[in-house]
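Reviewing the structure listed below.
2 protein chains.
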Amino acid sequence: MMSTCHRSPPEQTLTMADVARLAGVSKATVSRALNDSPLVSAATRTRVREIANAHRFQINATARSLSRRQSNVVALATYDHGTQMAGEKLPDAFVLELTSGLIAGLHEHGYDLLVIQIGATDTSWVERYLDSQRADGFVLLGAHCTARHLEALERRGAAFVVWGLDSVSHSFSSVTGDSFAGGRLATRHLLGRGSRQIAFIGGPDREQEVRDRYRGYAAALARAGVQVDEELVSYGSYERESATARMRALLERRGELDAVFACSDVMAIAAIDVLRESGRRVPDDVAVVGYDDIFLAAHTDPPLTTVRQSGPLAGHLLADSLLTQLRTGAIGHVSMPAELVVRRSA
Amino acid sequence: MMSTCHRSPPEQTLTMADVARLAGVSKATVSRALNDSPLVSAATRTRVREIANAHRFQINATARSLSRRQSNVVALATYDHGTQMAGEKLPDAFVLELTSGLIAGLHEHGYDLLVIQIGATDTSWVERYLDSQRADGFVLLGAHCTARHLEALERRGAAFVVWGLDSVSHSFSSVTGDSFAGGRLATRHLLGRGSRQIAFIGGPDREQEVRDRYRGYAAALARAGVQVDEELVSYGSYERESATARMRALLERRGELDAVFACSDVMAIAAIDVLRESGRRVPDDVAVVGYDDIFLAAHTDPPLTTVRQSGPLAGHLLADSLLTQLRTGAIGHVSMPAELVVRRSA
DNA sequence: GACATCATTGCAACCGGTTGCAGAGTAGCG
DNA sequence: CGCTACTCTGCAACCGGTTGCAATGATGTC
């Protein structure tokens, strides 16, 4: 192929003043025409727009931000993923998907996403980004943010949304996974396969998320007329080792169990190892359902049936929530549907 | 704890004019003082700065951008991670780590990172972000960007860096993994363990990356005085199935092989499955090394020894490269060291 | 035909920084 | 002491949009 010959003239980006001159009107009129102001006639509006398009005019976002006193940028606060924190609680893929949905959601309303890194104790970024007009609001990930951060944001009166954190004691917008529905979904699936002795392996029992999953578990059992057997319920930490120990204990107490619902995929995988070790087959003898749908889940043996949350949807909801707050000041809480990914382990 | 009483007065963000008034000087002097201009006396500079700090003055980035005609923002172009593309070639964790390093690297020079999503065929984002002054330059991920994108950027004269793409026919800055070193590292490690019949399972043999890894493999063998056995070398696609088939073929041709170097972790895992199936033990009978260090690698059985690239370092180098280009116009190519992660498979 | 009303448009002052240029003050030099 | 040189500071004009307000002309009403 030949290289292009009709390269347009240098054409350094033009300004509204240029467009105004070309259209034979004033800067103000161009501004109004492009912003759909009712203060210009339809005829003028279309003419100006045609000229602007023909010359590929791009409005200068910086100048607009300066006079409107809003940047149309939202900052996503993350930790340094190059170090320890990486994927501690959030699966990597989920963060990327969430970011993707967030960008898309913001974009629909003319906002861009800035990504910043924040330290656990430092809160200066709030002023640095807000007062300098670099961002209009913030999105935080609950797994990463501290009480100190939340306080700093509230004190400064910043607009922000948090993913995965219930705001019992504070008043800020949040979007969380519907753990109750997730727990019910997992349990219902196991019941549907015929299991009746379903074990529950939870994370720390103080966490709201874990409690909600338990409530969902219990609700599904009740609905099916199955009594909750407390001997089948066990809490601990999210560690792999902790799950291994608990699975062993469960087998000793209730060797006849026929299913396991674990509150994370990592715990589910550990449980499967223990079950195999004890000579049981998965899913034939014991069915297992996890939670999160980490990348690994699709590649274990057998592939893990698990509960996942839609990252893109989470991002979209965060965007909507934050933009609503920016526009109206309203704060809100949204709970996201959980979906069951059926693979082979149950 | 009690809530704070000494909440500072409303204190709507102050401007340079305010600082100027407080310091009894002009706006211009404040600007110069804060920017380390040689046009202010040392005494004035410190006094102005003290006052600015005392009042927690934050410069308005928007206004500064407008008059300096540069935004101090760099855009990272990504695809929509909510759909098919997700993690096709780049491990999720790597993208997050790279982003992390990128943010840190940019931050050191006063730049922020904007993340945008681009479509495979759409190129309008170049003008949208450049002409509107929203970004000064771009970072692209080779696995995601098309020739069309590169052309659009070059035509527009944009500053940009690409990760993982050699610019043989174009002239733009790039940062890539050192596949030659990676291949050598892996092979040397296998040789060090005593293996002599080392199979090579590559991706498509047209890819530069794959060729470089092969060169590294060959170089390490030569160095150890081992003849390359073409029967042990095999190419194909990156698919899991393809790797399975090739491993089977290799075993038929050279049942006595004692090690495998695969060009991706997914292929290495597939190879391990085949080896097990054939009754061989890993690593006792056959040692296996992969490439990429995907999250899964640390959790396979046995945990996979593999070659990884430092995501944070990649990000830093991308930042440096782009900023240099913005400052001086110089374009450059950097090759990143590969590191061997020794786990249990070799 | 005179006057109030309304739809359009332009003027000019913002938004909050940066910077060329002129002027004031001080020091250096013969 | 007079004159040049140099240091420091302020004025004012930018950067490229937005918007209150006044001005213009057209339309409608009695």
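Protein sequence lines correspond, in order, to chains F and G.
The opening position of the first sequence corresponds to residue 1 in the numbering used here, with each subsequent residue numbered one higher.
The opening position of the second sequence corresponds to residue 1001 in the numbering used here, with each subsequent residue numbered one higher.
We put the CB at the ideal spot given by N, CA and C, even for glycine.
No experiment lies behind these values; they were computed from the predicted model shown.
What residues are listed by DSSP as bridge partners for residue i?
| i | result |
| --- | --- |
| aspartate 1112 of chain G | G/Val1073 |
| leucine 313 of chain F | BP columns for leucine 313 of chain F are empty, so no partner. |
| methionine 289 of chain F | The sequence given here places valine at residue 289 of chain F; methionine does not occur at that position. Valine 289 of chain F is bridged to F/Phe261, F/Thr305. |
| valine 334 of chain F | F/Val175 |
| alanine 1297 of chain G | Answer by DSSP bridge pairing: none, since alanine 1297 of chain G is not bridged. |
| leucine 340 of chain F | F/Val307 |
| isoleucine 1201 of chain G | G/Ser1234, G/Ala1262 |
| threonine 29 of chain F | None; threonine 29 of chain F has no bridge partner. |
| threonine 78 of chain F | F/Gln117 |
Would you call the CB atoms of residue i and residue j closer than 8 Å?
| i | j | result |
| --- | --- | --- |
| tyrosine 291 of chain F | valine 274 of chain F | no |
| glutamate 1231 of chain G | arginine 1213 of chain G | no |
| histidine 189 of chain F | leucine 340 of chain F | yes |
| glycine 1177 of chain G | glutamine 1070 of chain G | no |
| isoleucine 294 of chain F | serine 171 of chain F | no |
| valine 288 of chain F | valine 266 of chain F | no |
| alanine 158 of chain F | valine 126 of chain F | yes |
| serine 1100 of chain G | histidine 81 of chain F | yes |
| alanine 33 of chain F | threonine 15 of chain F | no |
| arginine 215 of chain F | glycine 183 of chain F | yes |
| valine 1226 of chain G | phenylalanine 1200 of chain G | no |
| phenylalanine 1138 of chain G | glycine 1311 of chain G | no |
| arginine 1196 of chain G | aspartate 1285 of chain G | no |
| arginine 276 of chain F | proline 302 of chain F | no |
| alanine 1220 of chain G | methionine 1247 of chain G | no |
| leucine 296 of chain F | histidine 109 of chain F | no |
| aspartate 1131 of chain G | asparagine 1072 of chain G | no |
For a contact meaning CB atoms closer than 7 Å, what does residue i contact in chain F?
| i | result |
| --- | --- |
| aspartate 1092 of chain G | Asp92, Ala93, Leu96, Phe295 |
| glutamine 1309 of chain G | None at all; the shortest Cβ gap to chain F is about 12 Å. |
| glycine 1082 of chain G | Glu97, Ser100, Gly101, Gly311, Pro312 |
Check the Cβ-Cβ distances between residue i and every residue of chain F, and say whether any is below 8 Å.
| i | result |
| --- | --- |
| serine 1132 of chain G | yes |
| alanine 1159 of chain G | no |
| leucine 1066 of chain G | yes |
| histidine 1109 of chain G | no |
| alanine 1249 of chain G | no |
| histidine 1144 of chain G | no |
| histidine 1149 of chain G | no |
| histidine 1189 of chain G | no |
| alanine 1104 of chain G | yes |
Run down chain G in chain order and give the residues with a C-beta less than 9 Å from the C-beta of residue i.
| i | result |
| --- | --- |
| threonine 13 of chain F | Glu1127, Leu1130, Asp1131, Ser1132, Gln1133 |
In chain G, what lies closer than 8 Å to residue i by C-beta?
| i | result |
| --- | --- |
| aspartate 112 of chain F | Leu1114, Ile1116, Arg1134 |
Residues of chain G with CB closer than 7 Å to the CB of residue i, please, in chain order.
| i | result |
| --- | --- |
| serine 71 of chain F | Thr1062 |
| isoleucine 59 of chain F | Ser1132 |
Between residue i and chain G, is there a C-beta pair that is closer than 8 Å?
| i | result |
| --- | --- |
| histidine 170 of chain F | no |
| glutamate 50 of chain F | no |
| methionine 2 of chain F | Confidence at methionine 2 of chain F is low in this model, with a pLDDT of 33, below 50, so the placement of that residue should be treated as unreliable; the coordinate-derived value is given next. No, because no Cβ of chain G sits closer than 8 Å to the Cβ of methionine 2 of chain F. |
| arginine 56 of chain F | yes |
| alanine 86 of chain F | Residue confidence is low: alanine 86 of chain F scores 49 on pLDDT, short of 50, so the model does not pin down where it sits. Its coordinate-derived value is still stated next. Cβ-Cβ to chain G under 8 Å: yes for alanine 86 of chain F. |
Mind listing the chain F neighbours of residue i? Cutoff is C-beta to C-beta under 9 Å, in chain order.
| i | result |
| --- | --- |
| arginine 1281 of chain G | Those do not exist, as arginine 1281 of chain G stays about 17 Å from chain F at its closest Cβ, beyond 9 Å. |
| histidine 1333 of chain G | Result: empty, since nearest Cβ-Cβ is about 23 Å, beyond 9 Å. |
Cβ-heavy atom distance between residue i and the ligand ZN below 7 Å?
| i | result |
| --- | --- |
| arginine 64 of chain F | Summarising the ligand content, the structure contains no ligands, and the ligand ZN is consequently not present. |
Inside the segment 1119 to 1197 of chain G only - beta strand (DSSP E) runs reaching at least 3 residues: Listed in chain order, they are 1137 to 1141, 1159 to 1163, 1173 to 1177.
Ranges of the beta strand (DSSP E) found wholly within the segment 233 to 258 of chain F, counting only runs of at least 3: none
Residue ranges of each alpha helix (DSSP H) within the segment 1204 to 1237 of chain G, 4 or longer: For the segment 1204 to 1237 of chain G, whole alpha helix (DSSP H) runs of length 4 or above, ordered along the chain, are 1208 to 1223.
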